[in-house]
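Chains as they are written, first to last, in our numbering: chain A, 94 to 877; chain B, 938 to 1096. The structure under discussion appears below in the form of structure tokens.
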Amino acid sequence: MINIEIDGKHIEIESGCSVIDAADRLGIYIPRFCYHKKLSIAANCRMCLVQIEKAPKPLPACATPVAEGMKIFTASEQAVKAQKGVMEFLLINHPLDCPICDQGGECELQDLAVGYGGSTSRYNEEKRVVLHKDIGPLVAAEEMSRCINCTRCVRFGIEIGGAMELGQAFRGEHAEIMAFMSDTVDSELSGNMIDLCPVGALTSKPFRYSARTWELSRRKSISPHDSLGSNLAVQVKNNHVMRVLPIENEAVNECWLSDKDRFSYEGLNSAERLTKPMVKQNGKWLEVEWQVALEYVANGLRQIARETGAEYIGALATPHSTLEELYLLQKLVRGLGSNNVDFRLRQSDFSADSKQAGAPWLGMAVADINNVDRFLLVGSFLRKDHPLLASRVRQATKKGAQVNLIHAADDDLLMPLTNKKIVPPTEMTTVLAQVLKALAIVKQATLDTSVQQVVQSVMPSASAQAMADSLASGERVAILLGNFAQQHPQASQLQLLAQHIAALCGAKFGFFGEAANSVGGYLAQAVPFAGAEHGMNASAMLAAPRKAYILLNVEAELDTQNPQQAISAMNAADMVVALSAYKHHAAEYADVLLPIAPFTETSGTFVSSEGRTQSFKGTVQPLGEARPAWKVLRVLGNMLNISGFDYNNSEAVRDEVLGGADMSAKLGNVLHGMSAQTAIWNVAGLQRVSDVPIYTTDAIVRRAASLQKTRDAATPRALMHSVELKKLNLQSGEMVKLTQGHGSARLSIIADDSLPHGIVRVAAGHAATAELGAMFGDIMVNRA
Amino acid sequence: MLSEQVRAKTDRELKKYPPDRKQSAVMSALRFVQDEKGWINTEDMADVAAYLDMPQMSVYEVATFYNMYNLKPMGRHTLTVCTNLSCQLVGATETLDYIKNKLGIGVGEVTADGKFGLLEGECQNVCDEAPLFMINNKKTCGHLTKEKIDQILAELDKE
């Protein structure tokens, strides 16, 4: 620790810290443009020049490390003169078009120019012009003359995003920010560049020219998409969500947002919003009053429960639903006498049900990911499924962490991988067993009887051995299972093996979690095994069709493991009640559509993958006659005379779910009473491997217009190893017919030699593949 | 795809740097490309990026930063006339004008037959030979007079 003095204030601070950082801690503001606490130091704007005692000239505060006894003056005559000089230079080429600039009112240059700029310009020559660029549908680079070349966007791409998509080309006066060969910026974190840009050069394309910052009210909310639970500032004008910005929370999203969290709000104002309750009569949809629709639902459910038995009622919800909604849904269904309720719609292996110590969760705090030094990632499209968690893993690798990956596809994670094993899904358990065996030998440990048999039958490959060595050499190890591993047909086997690997190397062990409330769903007991009697899980409910289904936020053909099965179950049902914010395909199979409010229009709670409970309030009034789903379910409960449905507000529901109990007691990844099986999964032909593309994961994102124009949202293509293509005598780029069961899809097929042999990668969750069957399993490929 | 010669020369450069710092060779690699083709197009930059395991944009930044990399074809013989102070004092402007007139092109242009390109350049560190130009960034010709320029151009024309 060393002692310094800034503007007469004394502070004790660790050496190596920069002057600007020390000043920030003292609450002394030094003007800056290029400096950002999360990015590397560039010191190219020179705005933060300060006077330092004994220094012959002003020094940049961001790039000057503190030294013992240093005396710094941030507002002395010399410092202010230097800062004003810099400002004059910055404004020479700046167009000063604030009245027509989208950044006006929230512009760092504008703010600082008030303090440091002159009232007139001494520059009479021509200003330089930098041509506009098209860098994609999210970030507008239409007025690059405004750029002051701070390079924050460039450094963000390299350091946080993991790819250098923007750079500063040319030199001196001609320097300009651009992408290589006019390419687009495809990072799933690109929106942060808009926040970082201190001027109006990079602005939000969807938001441009729709409102001024001072017209917007700013309301807190929580992201309903991935399992991170990013903190959002929802900005509202005239009861309309205009845009979404991050709220800084160092433990969750830091100061970033993924593009999905930032731009999905466009889906809230989609023309497809369902705004009136609707009932189908004689094949025609009629708009009805809420009372009529709810009575219809209550009578229908009561009748089915009475005539065929309550076990013929099933309820399905997406994990993007709130804790309160999920809790009331299961309470309603259980009140009717059925235990068929589930939110794990894309899961296919449920053998871990009720053998698990608690709700599966991340197994560690999100913030601790940055400090892990050895990772074993199993089955995860990490970058697309969890953009900001991926960024944290990336930061860990910069500090020397080793990442080991076992997966069925080799997508670029934009970080160095120490070891990777890309195998067909059928072989993933074997690879894990090999790693376990190798690790047991390295650690000279005897294995538990539950896994001994499996381990005996394998010989560790060189890469499994390398992974074991990597894990054994770490101090802070994390074994993390991704969405793919959870959707895998042998998910519980993967979990069990990973659990034993974690035990051997003292690692944290957990799941990334598919959606905002993947942990909350368990806590809300929206699983069939939560009660005394066990009901049917999501897969069983669709395989053995029920008479009635209650769907909460579910689009049956997009949100389920096996869309084909889901749709035929829906078609076969006597009654389907769809609680949805949108008019969608349910119109074909449902009998009642109840308009419910998306996350911005209801209060609720999400429990993130680290077990963080985050409640939020509605930010705008529900659209049309849409109502918060928890209220709809409450009224339904009352109509059906189910006791315990008299809540005054959503907080009362939440408190009933969570009680006062300690969260950590409710979470647990350890499996009890399961033994590892030697994989018996014989396959004949090609196997399907599915990812859920980043912008098709849930109903809101699917309707976010700008996100749907990105490259990530392009129509999916089937991918296959070129050797497999040759076997089928197909050319890369050709249209093929993919068949599973009685359904098929036509996609173009592309050679991808990073895939293992014997598999076809086909995205799930997309309308183009909604006719297909399960996300895993046999698939046929023919020339179309 | 970089040519075999460019790759061989780049490999020799790479030996000077640690294996995880391949991008240190970017300036040499770009120079080899230019020596071979007379200029560097964006595909070449992408190839250099792939070969040196670095972002394409980084290569582009380097190639556009240094003015001795030609980003468009500059003719078989590119004449770079120094117009810095020492040369200016002994008639660099007249020298440049003379060449412009003789070749019928302006600065940054190439003659119709693709033989000659003309550029303005910075100090070559041999001010005692001013005024001067460089041919293809390799050969410096100093003490320029109209007669000497005529002679040099005539010789180059024959090649």
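Even for Gly, the Cβ is constructed at its ideal location relative to N, Cα and C. Treat the numbers as computed from the prediction; the structure is a model and nothing was measured.
Which first and last residues belong to the beta strand (DSSP E) in which residue i is found?
| i | result |
| --- | --- |
| M668 (chain A) | M668 to S673 |
| Q328 (chain A) | N324 to K330 |
| H103 (chain A) | K102 to I106 |
| W378 (chain A) | K377 to E380 |
| S310 (chain A) | S310 to I315 |
| F709 (chain A) | T706 to F709 |
| T947 (chain B) | Per DSSP, T947 (chain B) belongs to no beta strand (DSSP E); it is in the alpha helix (DSSP H), E941 to L951. |
| V855 (chain A) | No beta strand (DSSP E) contains V855 (chain A), which DSSP labels as neither H nor E. |
| S554 (chain A) | Looking at the DSSP string, S554 (chain A) is not in any beta strand (DSSP E), and its letter there is neither H nor E. |
| G697 (chain A) | G697 to V700 |
Taking all protein chains shown into account, do 16 or more other C-beta atoms lie within 10 angstroms of the C-beta of residue i, making it buried, or fewer, making it exposed?
| i | result |
| --- | --- |
| K514 (chain A) | buried |
| Y615 (chain A) | buried |
| E146 (chain A) | exposed |
| E950 (chain A) | With chain A represented from 94 up to 877, any question about residue 950 (chain A) goes unanswered, as that position is not in the structure. |
| R854 (chain A) | buried |
| H1080 (chain B) | exposed |
| D288 (chain A) | buried |
| G717 (chain A) | exposed |
| S108 (chain A) | exposed |
| A617 (chain A) | buried |
| E359 (chain A) | buried |
| T519 (chain A) | buried |
| T539 (chain A) | exposed |
| A807 (chain A) | exposed |
| A777 (chain A) | exposed |
| K724 (chain A) | buried |
| L496 (chain A) | Here the sequence assigns Val to residue 496 (chain A), which means Leu is not the residue at that position. When all chains shown are included, V496 (chain A) counts as buried. |
| L1022 (chain B) | exposed |
Pull up the CB-CB distance for residue i and residue j, whole angstroms please, since I reckon it's below 8 Å.
| i | j | result |
| --- | --- | --- |
| L532 (chain A) | I594 (chain A) | 6 Å |
| G428 (chain A) | L726 (chain A) | About 11 Å; that fails the 8 Å criterion. |
| L571 (chain A) | Q527 (chain A) | Checking the sequence shown, residue 571 (chain A) turns out to be Ala, not Leu. That belief does not hold up - the Cβ atoms of A571 (chain A) and Q527 (chain A) are roughly 20 Å apart, past 8 Å. |
| N664 (chain A) | Y675 (chain A) | Not quite, the Cβ-Cβ distance comes to about 20 Å (not below 8 Å), so this is no contact. |
| V985 (chain B) | V963 (chain B) | 7 Å |
| A233 (chain A) | K298 (chain A) | 4 Å |
| T803 (chain A) | L231 (chain A) | 7 Å |
| I315 (chain A) | F699 (chain A) | 5 Å |
| Y420 (chain A) | V669 (chain A) | In fact, because the Cβ distance is near 22 Å, the residues do not count as touching under 8 Å. |
| L590 (chain A) | G255 (chain A) | The pair is not a contact, with the Cβ atoms about 29 Å apart (cut-off 8 Å). |
| L1016 (chain B) | I1036 (chain B) | 6 Å |
| N630 (chain A) | D435 (chain A) | 5 Å |
Locate the alpha helix (DSSP H) running through residue i, then write down its first and last residues.
| i | result |
| --- | --- |
| Q780 (chain A) | Looking at the DSSP string, Q780 (chain A) is not in any alpha helix (DSSP H); the run it does join, the beta strand (DSSP E), is Q780 to V782. |
| E170 (chain A) | E170 to I185 |
| Y128 (chain A) | Per DSSP, Y128 (chain A) belongs to no alpha helix (DSSP H) and is neither H nor E. |
| V528 (chain A) | M521 to K536 |
| A1029 (chain B) | A1029 to L1040 |
| K1085 (chain B) | K1083 to K1095 |
Under 9 Å between beta-carbons, which chain B residues line up against residue i? List them in chain order, please.
| i | result |
| --- | --- |
| F263 (chain A) | E998, T1001 and F1002 |
List the residues of chain A whose Cβ lies closer than 7 Å to the Cβ of residue i, in chain order.
| i | result |
| --- | --- |
| M938 (chain B) | Neighbours of M938 (chain B) on chain A: none; closest Cβ ~17 Å, over 7 Å. |
| Q993 (chain B) | F273 |
| T1098 (chain B) | The structure shown does not extend to residue 1098 (chain B), since chain B is modelled only from 938 through 1096, so no value can be given for it. |
- Task: Scan the segment 272-292 of chain A for residues whose Cβ lies nearer than 9 Å to a Cβ of chain B and list them as they occur along the chain.
- Result: Correct list: A272, F273, M274 and D276.
- Task: Name, going along the chain, the residues of the segment 996-1019 of chain B whose beta-carbon falls closer than 9 Å to a beta-carbon of chain A.
- Result: Look at the segment 996-1019 of chain B: the residues with a C-beta under 9 Å from a C-beta of chain A are V996, Y997, E998, A1000, T1001, F1002, Y1003 and N1004.
- Query: According to a CB-to-CB cut-off of less than 9 Å, which residues of the segment 250-261 of chain A neighbour chain B?
  - Reply: So the list reads G250, I251, A256, M257, E258, L259, G260 and Q261, given in the order they occur along the chain.
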